[in-house]
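Numbering (the working numbering), first residue to last: 31 to 252.
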């Protein structure tokens with residue numbers, strides 16, 4: 031099963047995965063709890079300011095993808111939601127505690143190094159050492175039938191490789207790159223405007239030259 035998420039959907043799924051581990055007594059989550067979880071300032075990048083309407087719309091999108099469901103029977107009239115993202119009978123993705131912790135952090139904070147993941151995942155599961163983290167990352171890169179994580183090109187001046195989840199499309203792949211001045215064709219209206227401006231400049235220069243000539247003639251006759 032190939033899962034493609036928007037950045038907003040990734041945030042909601044990440045929150046559901048996180049809270050199912052860190053606050054199981056409050057899981058499933060109400061809409062209000064989801065909003066607060068999405069907008070909290072710790073362990074989030076970027077920090078968001080979603081409204082209930084925003085999150086409700088995101089939920090509807092996730093429902094259409096069969097990745098979230100409404101739960102009832104918890105002694106409350108408030109709607110509560112659980113994910114169907116992994117480790118459920120509804121999907122094909124099965125993750126270990128280590129793998130789920132890494133995916134959760136990548137969904138919540140974006141690309142990170144193995145060292146960053148080790149520190150931030152400790153609240154979700156326990157890693158004995160870096161070899162445990164690297165083994166989990168490599169298993170997600172080699173995940174079948176579709177890799178769930180990929181290594182990013184090493185940044186200039188950086189020693190460590192960063193890793194990202196593969197459930198959203200990278201921004202660089204979705205945003206058109208601006209053309210360089212030599213490659214960007216000029217719009218016809220722009221050319222017309224430039225021609226008119228140039229003619230105006232020429233007329234001004236001609237007037238100045240005429241005035242200078244007149245002044246010079248006056249000086250000669252004095």
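Note that the Cβ used here is the ideal one computed from N, Cα and C, for glycine as well.
Assumed close pair residue i, residue j - CB separation to whole angstroms, cut-off 8 Å
{"i": "residue 100", "j": "residue 43", "result": "Actually they are not in contact, since the Cβ atoms of residue 100 and residue 43 sit about 15 Å apart, beyond 8 Å."}
{"i": "residue 182", "j": "residue 193", "result": "7 Å"}
{"i": "residue 130", "j": "residue 47", "result": "6 Å"}
{"i": "residue 61", "j": "residue 82", "result": "6 Å"}
Straight-line Cα distance separating residue j from residue i
{"i": "residue 30", "j": "residue 50", "result": "The structure shown does not extend to residue 30, since the chain is modelled only from 31 through 252, so no value can be given for it."}
{"i": "residue 209", "j": "residue 135", "result": "The predicted position of residue 209 is uncertain, since its pLDDT is 45 and thus under 50; a value taken from the coordinates is nonetheless stated next. When rounded, the distance between both Cα atoms is 35 Å."}
{"i": "residue 212", "j": "residue 115", "result": "For residue 212, the predicted model reports a pLDDT of 41, less than 50, meaning its position is unreliable; a value from the coordinates is still stated below. Their backbone Cα atoms lie some 47 Å apart in a straight line."}
{"i": "residue 185", "j": "residue 108", "result": "46 Å"}
{"i": "residue 139", "j": "residue 102", "result": "30 Å"}
{"i": "residue 85", "j": "residue 198", "result": "18 Å"}
{"i": "residue 161", "j": "residue 168", "result": "10 Å"}
{"i": "residue 68", "j": "residue 165", "result": "29 Å"}
{"i": "residue 54", "j": "residue 188", "result": "38 Å"}
{"i": "residue 137", "j": "residue 35", "result": "10 Å"}
Residue from the options with nearest C-alpha to residue i
{"i": "residue 113", "options": "132, 89, 161", "result": "89"}
{"i": "residue 143", "options": "46, 180, 130", "result": "180"}
{"i": "residue 156", "options": "67, 128, 124, 73", "result": "128"}
{"i": "residue 111", "options": "148, 146, 92", "result": "92"}
{"i": "residue 123", "options": "109, 81, 70, 170", "result": "170"}
{"i": "residue 32", "options": "193, 178, 78", "result": "178"}
{"i": "residue 120", "options": "70, 95, 68", "result": "95"}
{"i": "residue 152", "options": "132, 165, 141, 81", "result": "132"}
{"i": "residue 154", "options": "141, 81, 126, 175", "result": "126"}
{"i": "residue 196", "options": "187, 175, 189", "result": "175"}
{"i": "residue 200", "options": "141, 148, 150", "result": "141"}
Distance cut-off 7 Å: residue i Cβ against heavy atoms of the ligand ADP
{"i": "residue 65", "result": "Among the components of this structure there are no ligands whatsoever, and the ligand ADP is therefore not found."}
Requested in this report: Please specify which runs of the beta strand (DSSP E), each continuous and at least 3 residues long, are wholly inside the region 160-198, giving them in chain order.
Outcome: 179-181, 192-195
Requested in this report: Tell me the start and end of each unbroken beta strand (DSSP E) in the region 59-123 that is at least 3 residues and wholly inside, in chain order.
Outcome: 98-101, 110-113
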